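There are 2 protein chains.
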Amino acid sequence: MQYPLKDPIKRWSDSIPAPCAACGVRDSVFCSVLSDQELQRLSSFAFNVSQDAREIIFSEGDSADHLFNVTEGLVKLYKLLPDGREQITGFLFSGDFLGIAMNDTYAYSAEAITPVRLCRFNRKDLEGMFQQTPHLETRMLNMASNELAQAQDQILLLGRKTAKERLCSFLLSLSQRSERRGDSATVIPIPMGREAIADYLGLTTETVSRTFSKLKKENSILVSKGGIVEVPDLELLATLAEDSS
Amino acid sequence: MQYPLKDPIKRWSDSIPAPCAACGVRDSVFCSVLSDQELQRLSSFAFNVSQDAREIIFSEGDSADHLFNVTEGLVKLYKLLPDGREQITGFLFSGDFLGIAMNDTYAYSAEAITPVRLCRFNRKDLEGMFQQTPHLETRMLNMASNELAQAQDQILLLGRKTAKERLCSFLLSLSQRSERRGDSATVIPIPMGREAIADYLGLTTETVSRTFSKLKKENSILVSKGGIVEVPDLELLATLAEDSS
DNA sequence: CGGTGCATTGATCAGAATCAATGATCGTGG
DNA sequence: CCACGATCATTGATTCTGATCAATGCACCG
């Protein structure tokens with residue numbers, strides 16, 4: 083569950099101008115469509131900020147003034163009910179964009195699970211850039227489409243899947259993300275704790291833990307130190323994710 | 083549960099050119115941003131189609147060649163698991179737009195619950211129109227944002243709410259929709275059956291029915307002939323939707 | 001008038017939640 | 001470097017909500 087920043091000593095103070103050209107995630111889905119010149123314009127209103135684990139980035143209902151790109155660390159997006167029940171609607175890893183689904187106010191809260199670094203954009207500035215850079219808006223629409231498709235998968239999961247199917251679906255999606263980033267599809271680090279997984283899958287920590295144990299016992303997964311899961315048979319996992327017979 | 087087309091005799095054959103100017107839903111969220119001239123261009127590749135109840139409009143995985151505007155009737159969007167479990171991800175009423183969340187293929191299936199009329203657009207044509215009409219793309223992004231926020235509400239509902247809270251949330255959203263359309267917020271027609279409600283709320287028909295009965299017994303709602311629900315106290319309903327003590 | 005499809009209600013079951021205790025891991029400070 | 005405390009994960013016992021199985025009721029339609 084350790085996930086220190088690569089440079090843990092020099093904690094960036096708030097709001098340092100962001101040198102897009104030197105950014106580690108400049109090839110992220112969001113920035114990759116921009117030319118060098120456009121990237122330069124972007125950096126004129128982009129600022130790096132960093133936050134410690136458990137710090138809140140923004141809360142549901144706040145005026146939606148900023149959009150972000152996660153450059154390092156892990157973020158959870160979540161909604162709360164009055165009595166404290168929590169539902170995590172998504173996890174953001176480095177390279178992920180934060181701020182698609184919002185109108186005047188944020189529709190959900192965002193909190194750093196690990197220490198994070200963010201590239202923060204002023205919303206008005208970014209929207210202003212759409213005028214000269216319509217393909218940026220096209221990209222945003224594209225991203226929104228993908229988010230929506232993902233949200234619908236999650237709706238299916240929460241509405242109709244069993245605990246086992248949910249956990250397998252979750253592991254599968256982590257595996258696919260890992261693969262997309264060029265890492266192993268079968269050796270998957272799990273950077274969030276059991277409670278976060280439970281709040282994401284609509285379960286309790288106990289059920290998540292028990293389900294992990296079941297999967298271990300039947301050799302569908304192997305769990306090694308540091309919360310790293312190994313999946314010997316991805317096909318099997320995919321089956322279990324839809325049909326946990 | 084009756085919901086006949088206003089003109090049930092003359093069933094439109096497939097693909098009749100759509101006269102946008104005379105369209106009953108030209109003020110829908112989708113078309114309302116267009117000038118008369120732009121609307122005319124839109125009609126050049128818009129076709130009216132109609133479908134009977136239970137007819138499938140498209141299936142998950144189909145090549146996403148068309149987008150639609152629902153001009154009359156009720157549509158369900160849903161996803162299936164291999165063993166037949168169904169999760170409805172949304173209902174579309176007349177004026178609603180169909181086709182936001184898609185890439186190359188549809189991410190979900192769409193089926194007519196009642197007889198429907200649709201205005202069908204070729205996707206390539208519509209995307210082509212974005213070039214000359216960037217504010218149409220802005221509108222699409224806006225709609226996608228709203229859809230995403232709605233999807234997240236549904237994720238909270240499915241992940242963390244009780245049966246009673248789910249049903250109250252559902253009635254509340256129907257009430258708000260009714261109000262937005264200029265109809266009564268307290269007298270709500272329920273155009274879909276118990277099974278569809280169950281598949282939308284991640285429950286079974288029996289649980290939906292029982293929960294309706296409970297709400298009736300405690301006088302939170304009144305149900306009259308034709309499946310019309312009356313809500314004497316919207317505030318109370320809103321409370322029950324988040325905190326079914 | 002009878003049949004078909006949908007809604008309601010009842011009895012029982014099962015999966016996950018809750019309550020409770022123990023165990024493992026990590027960071028801290030002596 | 002080890003011991004302690006804190007946090008997090010695991011496991012067990014029991015409860016409870018909603019699912020399942022089953023029967024009856026109701027409304028609309030031919």
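Those protein sequences? They're chains P and L, same order as listed.
In short: position in the first sequence from 1, add 82, done, that's my numbering.
In short: position in the second sequence from 1, add 82, done, that's my numbering.
In this text, a Cβ means the ideal position worked out from N, Cα and C, and glycines have one as well.
Values in this document were obtained by computation on a predicted structure and should not be read as measured data.
The beta carbon of Leu297(L) sits closer than 6 angstroms to the beta carbons of Ile303 from its chain, once the five residues preceding and following it are set aside; these are given in chain order. With 16 or more other Cβ atoms from the protein chains shown falling within 10 Å of its own Cβ, Ala128(L) counts as buried. Rounded to whole angstroms, Asp118(L) and Asp144(L) show a C-alpha spacing of 33 angstroms.
For Ser132(P), the beta-bridge partners assigned by DSSP are Arg199(P).
Closest in alpha carbon position to Leu254(P), among Glu300(P), Glu312(P), Phe203(P) and Gln234(P), is Glu312(P). Under DSSP, no beta-bridge partner is assigned to His217(P). Distance from Glu324(P) to Pro164(L) at the Cβ level is roughly 5 angstroms; contact confirmed, criterion being Cβ atoms closer than 8 angstroms.
Under the Cβ criterion of 8 angstroms, Met222(L) is counted among the residues facing chain P.
Sequence-distant Cβ neighbours of His217(L) in its own chain, meaning closer than 7 angstroms and more than five residues away, are Val115. Contact annotation for Lys161(P) against chain L: Gln234 and Leu238 [CB-CB distance below 7 angstroms, chain order]. In the structure shown, Ala267(L) falls within a coil segment according to DSSP collapsed to helix, strand and coil.
A Cβ of chain L is located within less than 8 angstroms of the beta carbon of Ile182(P).
Taking 9 angstroms as the upper bound on Cβ-Cβ separation, chain P lies near residues Asp281, Tyr282, Leu283, Gly284 and Leu285 of the segment 256-285 of chain L.
The CB of Gly143(P) never comes closer than 8 angstroms to any CB in chain L; the least such distance is about 12 angstroms. Distance check between Pro101(L) and each of Asp235(L), Leu121(L) and Ala135(L) places Leu121(L) closest, using alpha-carbon atoms only. Annotated three-state conformation of Lys299(L) is helix, per DSSP. With a 10 Å radius around the Cβ and a threshold of 16 neighbouring Cβ atoms, Glu219(P) comes out buried. Taking a beta-carbon distance threshold of 8 angstroms, Leu319(L) does not count as an interface residue toward chain P. Under the Cβ criterion (8 angstroms, minimum of three pairs), the segment 313-323 of chain P does not count as touching the segment 258-270 of chain L.
Closest option to Phe112(P), judged by alpha-carbon separation, among Ser176(P), Asn185(P), Met222(P) and Tyr160(P): Met222(P). Neighbours of Asn185(L) in chain P, taken as residues at a C-beta separation under 9 angstroms, are given in chain order as Asn224, Ser227, Asn228 and Ala231.
The alpha-carbon separation between Leu180(P) and Ser295(P) amounts to approximately 33 angstroms. Of the residues assessed, Glu300(P) falls on the exposed side of the cut-off, its CB having fewer than 16 other CB atoms within 10 angstroms.
Looking at the DSSP output, Pro99(P) sits in a beta bridge with Phe129(P). Assigned with DSSP and collapsed to three states, Met211(P) falls in helix. Taking a C-beta distance under 8 angstroms as the contact criterion, Gln169(P) and Leu230(L) do not qualify as a contact pair. Met274(P) carries a coil assignment under DSSP once its states are collapsed to helix, strand and coil. For Lys246(P), the enclosing alpha helix (DSSP H) begins and ends at Ala245 to Arg262. In chain order, Leu163 and Pro164 make up the part of chain L whose C-beta sits under 7 angstroms from the C-beta of Glu324(P). For Pro314(P), no chain L residue has a Cβ inside 7 angstroms of its Cβ, as the nearest lies near 22 angstroms away. Straight through space, the alpha carbons of Gln234(P) and Tyr190(L) are spaced by roughly 8 angstroms. Residue burial is scored here from C-beta neighbours: Lys307(P) has fewer than 16 other C-beta atoms within 10 angstroms and is therefore classed as exposed.
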